[in-house]
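Here the sequence shown is numbered in my numbering, starting from 65 and rising by one per residue.
A short write-up of the structure that comes next.
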Amino acid sequence: MAGEAAARPGGRITSADVAREAGVSRATVSFVLNGTKGQTISESTRQRVLETAARLHYAPSAEARTLSRGRSDVVLLYQPPQLPLTDLGALVEFLAAEFATVGLTAVIHPWSRKPDGDVWTAITPVAVLAWDLPDSDVAAMRRNGVRAVVSLTAESDPVAQWIWGAREHSIARLQVERLLRAGHRRLGYARPHDERLAEASDMRLRALRRACAEHGVPAPVTLTVPGDEAGAEAAVDAVAAWREAAVTGVCAHDDVTALAVLAGLREHGLTAPSDLAVIGAVDSPAARLAAPPLTMVAVDMRDTARHLVEAVTSLLEGRSVPAGPEVTRVIERGSV
65 MAGEAAARPG
75 GRITSADVAR
85 EAGVSRATVS
95 FVLNGTKGQT
105 ISESTRQRVL
115 ETAARLHYAP
125 SAEARTLSRG
135 RSDVVLLYQP
145 PQLPLTDLGA
155 LVEFLAAEFA
165 TVGLTAVIHP
175 WSRKPDGDVW
185 TAITPVAVLA
195 WDLPDSDVAA
205 MRRNGVRAVV
215 SLTAESDPVA
225 QWIWGAREHS
235 IARLQVERLL
245 RAGHRRLGYA
255 RPHDERLAEA
265 SDMRLRALRR
275 ACAEHGVPAP
285 VTLTVPGDEA
295 GAEAAVDAVA
305 AWREAAVTGV
315 CAHDDVTALA
325 VLAGLREHGL
335 TAPSDLAVIG
345 AVDSPAARLA
355 APPLTMVAVD
365 MRDTARHLVE
375 AVTSLLEGRS
385 VPAGPEVTRV
395 IERGSV
């Protein structure tokens with residue numbers, strides 16, 4: 065018998081195989097492997113089931129897990145296609161790890177916006193976490209049993225409100241306050257040219273204007289600074305325009321935009337921070353290796369992931385989404 069289940073070519077080991085090998089019922093296997101309480105199963109039997117399952121390399125199917133739990137344990141992460149976010153990979157990695165700690169399995173899939181690409185109908189997730197979901201998709205998911213839906217660009221979503229509200233304002237506030245501490249009173253904002261970041265850069269600009277107003281300084285002089293090779297000339301023009309407007313400190317939208325500003329300075333024979341101070345947002349290895357190394361507002365992606373997971377589990381349990389944590393801090397380097 066011991067060789068029968070293990071030697072079955074190409075066959076998946078089932079709970080029936082484990083039960084037969086261990087000499088117990090399938091119900092006993094289910095009770096042991098699912099940790100069901102209130103069952104009178106001896107310790108020796110429990111150990112025999114666990115050892116047999118391990119020896120046979122038994123892994124319950126998704127269908128079996130759904131039946132035992134009464135719900136799916138899959139969380140679908142819709143990854144925005146080609147969105148140029150330096151921190152996206154780290155965030156996805158941390159999300160997968162944090163979901164695993166609460167017994168949920170993260171499945172990552174690119175967001176296509178095509179009706180025939182609705183992977184959620186194929187894997188029946190218990191929750192969906194996405195960058196951007198139309199209201200019609202959210203409603204359809206909920207009608208079809210998805211118990212928690214988080215859309216990071218929906219104004220009514222409490223998680224989105226934290227990301228684009230408290231978290232975004234914290235980034236802007238730290239950028240402005242760091243430049244003010246260095247003596248700068250006329251500030252600029254370097255926004256990315258990429259249309260996929262247009263909404264995010266609009267939100268950052270609003271947050272920067274608010275932070276400047278709170279400190280009694282003029283709103284930032286905003287210029288678009290492309291981060292690609294074709295944008296080098298635009299970066300040079302932006303630096304010239306800021307200097308003409310008496311701007312002495314620039315808040316860059318991210319690491320790529322900050323690097324572009326440094327490139328524009330070099331073309332003028334200028335340097336940061338003596339000619340123009342630059343502070344970016346969302347730290348990266350490239351920011352650390354810049355000349356000079358970029359002063360940045362870092363965002364803790366692990367704590368961000370923990371909050372997103374806590375938000376999803378709260379929704380699954382019918383609780384209110386808790387307030388988000390403080391996840392930003394200034395990393396001092398050489399550009400301010």
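A virtual CB, placed ideally from N, CA and C, is assigned to each residue, including glycine.
Supposed contact pair Ala299 and Ala345 - C-beta distance, whole angstroms, cut 8 Å: Not quite, the Cβ-Cβ distance comes to about 17 Å (not below 8 Å), so this is no contact.
Burial state of Arg231 (16 or more Cβ within 10 Å): buried
Integer-rounded CB distance, given that Val325 should sit under 8 Å from Val342: 5 Å
Own chain, CB closer than 6 Å to Thr377, minus 5 neighbours either side, in chain order: Val166
Sequence ranges, alpha helix (DSSP H) only - wholly within the segment 248–308, length at least 4: Counting only runs of 4 or more, we get 262–278, 296–308.
Cut-off 6 Å between Cβ atoms - residues of its own chain near Ser79, not counting five sequence neighbours on either side: Arg90, Val93
When Asp201, Ala212, Ser200 are compared against Glu381, the one with the closest alpha-carbon: Ala212
Rounded separation between Val113 and Ala164 - CA only: 24 Å
Residue of His279, Asn98, Asp301 minimising C-alpha distance to Arg401: Any answer about residue 401 is impossible in this case: the structure gives the chain only from 65 up to 400.
Touching by the beta-carbon criterion (3+ pairs, under 8 Å), the segment 191–207 and the segment 224–243: no
Neighbourhood of Arg366 by C-beta distance below 6 Å, restricted to the same chain and skipping five residues each side: Correct list, in chain order: Phe158.
Exposed unless 16 or more other CB atoms sit within 10 angstroms - verdict on Pro349: exposed
Assigned secondary structure, His401 (DSSP; H/G/I helix, E/B strand, else coil): In the structure displayed, the chain extends from 65 to 400; residue 401 sits before or after that span and is not available.
Cβ of Gln103 within 7 Å of any chain D Cβ: As a matter of chain content, chain D is missing from the structure shown, which is built from one protein chain.
Secondary structure of Gln103, DSSP reduced to three states: coil
Environment of Ala275 [buried if 16+ CB atoms lie within 10 Å]: buried
Alpha-carbon spacing of Pro144 relative to Leu244, whole angstroms: Rounded to the nearest whole angstrom, the C-alpha separation of Pro144 and Leu244 is 35 Å.
8 Å contact criterion, which Val314 and Leu272 should meet: CB distance rounded: Between Leu272 and Val314 the Cβ distance is about 11 Å, and since that is not below 8 Å, they are no contact.
Three-way DSSP call (helix, strand, coil) for Pro174 in this model: When secondary structure is reduced to three states using DSSP, Pro174 falls in the strand class.
Runs of beta strand (DSSP E) wholly within the segment 188–235 (minimum 3 residues, chain order): 191–194, 212–215
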